[in-house]
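Down below is the structure, laid out as structure tokens.
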Amino acid sequence: MSWLYERISTAILEGDSDKTADLVKKALDEGLPAKEVLDNGMVAGMSEVGARFKVGEMFVPDVLVSADSMQAGLNVLRPYLISSGVKLLGKIVMGTVKGDLHDIGKNLVNMMCEGAGFEVIDIGFDVDPQQFVDAIKEHQPDVVGMSAMLTTTMRAMAHTIKAIEESGLRTTVKIMVGGASVDAAFAERIGADGYGSNAPSGVDLAKRLAGVA
Amino acid sequence: MSSAEALPIVVLSCQVLQDLLTDPGRGGLLPEGLAREIVFLDYGLHRVPSKMTWTLQETLDQIEAPSVVVLGYGLCGNGLQGIKAGRHTLLVPRVDDCIALLLGTRHAYIREFEAVPGTYYLSKGWLESGSHPLKEYLEYVPKYGPERAIWIMDQQYQNYERVVLVAHSQRDLETYRPQALEVARFCERWGMRYEEILGSDAYVRRLVELIQGVAERGMAALDDAGKDFLVIPPGGEIHQEHFVR
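Each protein sequence line maps, in turn, to chains A and B. Under our numbering, the residue at position 184 of the first sequence is numbered 1530, and the numbers go up by one with no gaps. Under our numbering, the residue at position 60 of the second sequence is numbered 105, and the numbers go up by one with no gaps.
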């Protein structure tokens, strides 16, 4: 495995956008496969960021800056990913639930899923259950992702799943949930198909749920 | 009375309730001598919820004599989830976070939350300790530079709609208004409007009444706790579901 992958991960961990972009270009110039640069360099770096954030070793500003560095890397990588024929993995509708306006985690999942090859439809924040239902009808996604940061708003996830059930659409999608207060027990209780303990883990989860892992 | 009368009372609370509970000049509600020990922990513990959990658990476990321990917290982002009562009996307000305690009733909390979910609350304690966006920005500038710092702030706050000062007297609203307005001016960047709410001490008052009941009548007083409070018996554990209504 090329030492460049580790250097890219480190650049992302350090939040150095210029260095990330330069190293990604260098890796591609050396003929490294775009998908490997993505998975072994960039996703690996953001996964480490996610893990450290979860235990309080990194904080929101650091995560934002690291995500921005990954974005800088993705901007260089994207044309190579497309031309290397990375196929569309599926479609994901992502939203932060009703009453909640926190979207940093969701935006991070969106960026990483797009990088991985998903088409992501972001329906924003403070999204009520009916809007989720409408988005499923309109876009027919493979996966629906719901985000909530507060324990107060997490409960809207249960209402949203109920609305999806009542509209007869539940079996047409896989539902994943995430957010600071969400845990596996909660996800199971409300009938979600999976949960991500931090934003970067959302990519693997989406792949698994879309059946493309 | 039974030996239950001798059960000591300990208060373990977030600093956000310090004034309401103990400041005599500001209508501190907890009568002196009622609690054997009162510990106030730092405002920001909930930012890493697992840290709040182990810090509280550690502090709780260090209380040797079996006691009635009053936790001055809400679920606080799952900070209370998994807390084990051990040898103690825990008394906890059944709220998601301290805003309901500052506003005075769960009803007021729901009303405000549904009306404007994108609200950043200021209290005198948070203003004094610098827990607000302006202070946050000023801390980021030396570390990230002014451009990156404001970009970080934008990512976090651009979705908010208003900044609200909550205080428990007209006098406090007036005293803290200038500081709150300074923060509000900074938040105008995101289109946040400034409002004030005269909070109520009703919830904390009811908590204190329960504590007084325990001091006078022993554990039986906790049977009257009602749906707005959680009582976790010895050996019990706090769960997220306890806070779902």
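Where a beta carbon is used, it is the ideal one built from N, C-alpha and C, also for glycine.
Helix, strand or coil, according to DSSP, for residue i in the structure here?
i	result
residue 1416/A	helix
residue 81/B	coil
residue 282/B	strand
residue 1495/A	coil
residue 130/B	coil
residue 1507/A	helix
residue 1520/A	strand
residue 109/B	coil
residue 1294/A	Here chain A comprises residues numbered 1347 to 1559, so residue 1294/A is not present and cannot be evaluated.
residue 1452/A	helix
residue 206/B	coil
residue 291/B	Since the first residue shown for chain B is 46 and the last is 290, residue 291/B is missing from the structure and cannot be characterised.
residue 261/B	helix
residue 1461/A	helix
residue 212/B	strand
residue 239/B	strand
residue 117/B	strand
residue 10/B	Nothing about residue 10/B can be reported from this structure: the residues present for chain B run from 46 to 290 only.
residue 1489/A	strand
residue 46/B	Low per-residue confidence applies at residue 46/B: pLDDT is 43, beneath 50, and the placement is therefore not dependable, though the value from the model is reported in the following sentence. Residue state, collapsed to three classes: coil.
residue 289/B	coil
residue 93/B	coil
residue 1466/A	strand
What residues from chain B crowd round residue i, counting only those whose CB sits closer than 8 Å?
i	result
residue 1359/A	Chain B residues near residue 1359/A: none, gap ~16 Å exceeds 8 Å.
residue 1447/A	162, 163, 204, 205
residue 1532/A	285
residue 1498/A	141, 142, 158
State the start and end residues of the unbroken alpha helix (DSSP H) segment that holds residue i.
i	result
residue 1354/A	1349 to 1359
residue 1471/A	Segment: none, residue 1471/A is in no alpha helix (DSSP H) and carries neither H nor E.
residue 1484/A	1475 to 1485
residue 1373/A	1363 to 1375
residue 125/B	Note, residue 125/B: premise wrong, no alpha helix (DSSP H); not H, not E.
residue 35/B	In the structure as shown, chain B begins at 46 and stops at 290. Residue 35/B is therefore absent and cannot be evaluated.
residue 246/B	Unbroken run through residue 246/B: none, as it is neither H nor E.
residue 74/B	Element bounds for residue 74/B: n/a, residue is neither H nor E.
residue 1553/A	1547 to 1556
Start and end of the beta strand (DSSP E) containing residue i?
i	result
residue 59/B	54 to 59
residue 1436/A	1436 to 1442
Quick one: which chain A residues come within Cβ less than 8 Å of residue i?
i	result
residue 289/B	1501
residue 189/B	1407, 1411
residue 193/B	1411
Roughly how far, in whole angstroms, is the beta-carbon of residue i from the beta-carbon of residue j, given that I think they are within contact range, below 8 Å?
i	j	result
residue 1537/A	residue 1551/A	With 8 Å as the limit, residue 1537/A and residue 1551/A do not qualify as a contact, their Cβ atoms being about 16 Å apart.
residue 1373/A	residue 1387/A	7 Å
residue 146/B	residue 248/B	5 Å
residue 1446/A	residue 1414/A	Actually they do not touch by this definition, with Cβ atoms about 23 Å apart.
residue 1401/A	residue 95/B	7 Å
residue 1407/A	residue 54/B	Not really, about 41 Å apart at Cβ, beyond 8 Å.
residue 266/B	residue 275/B	Contact doesn't hold; Cβ gap of about 15 Å is too wide.
residue 125/B	residue 137/B	7 Å
residue 1412/A	residue 1390/A	Contact flag wrong, Cβ pair sits at about 12 Å.
By the criterion of Cβ-Cβ separation under 9 Å, what are the contact partners of residue i in chain A?
i	result
residue 197/B	1406, 1407, 1410, 1411
residue 95/B	1400, 1401, 1402
residue 185/B	1407
residue 102/B	Those do not exist, as residue 102/B stays about 16 Å from chain A at its closest Cβ, beyond 9 Å.
residue 201/B	1406, 1407, 1410, 1448, 1450
If the cut is a Cβ gap below 9 Å, which residues of chain B does residue i touch?
i	result
residue 1472/A	162, 163, 204
Below 7 Å on C-beta distance, what does residue i contact in chain B?
i	result
residue 1527/A	122, 123
For chain C, is any of its Cβ atoms less than 8 Å away from the one on residue i?
i	result
residue 1350/A	Of the protein chains in this structure, namely A and B, none is chain C.
Inset, instruction - List in chain order: all unbroken alpha helix (DSSP H) runs of 4+ residues lying wholly within the stretch 1380 to 1425 of chain A. - result: 1390 to 1400
Legend entry - alpha helix (DSSP H) runs contained entirely in the stretch 131 to 188 of chain B, provided each spans 4 or more residues: 144 to 148, 151 to 160, 169 to 174
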